[in-house]
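In this note's numbering, the protein residues as written are 62 to 151.
Dropping the structure here:
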């Protein structure tokens, strides 16, 4: 979670700085609208990546929970087998 927040902050700062730089560059060359459009595309890409990372994190948490449940089920089965073997007459 902290890594995602750090990526979001850094990505946003870089994209904003790039937007300012492109705007200044565009103003100097007369292509301010093109620079703004490019920078907005970069910001959108950053937002898409953040959404992807959030979905990936959610999926990994769900997978981890399912694996934990499977591990618990295996442990219960193992315990039942052990109890059955202990209760069998020799």
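Cβ coordinates follow ideal geometry from the N, Cα and C atoms, glycine included.
Check	Outcome
Buried versus exposed, by CB contacts within 10 Å (16 or more), residue 115	exposed
Same chain only: Cβ atoms within 7 Å of residue 101, ignoring 5 sequence neighbours per side	none
Per-residue DSSP class, three states only, for residue 98	helix
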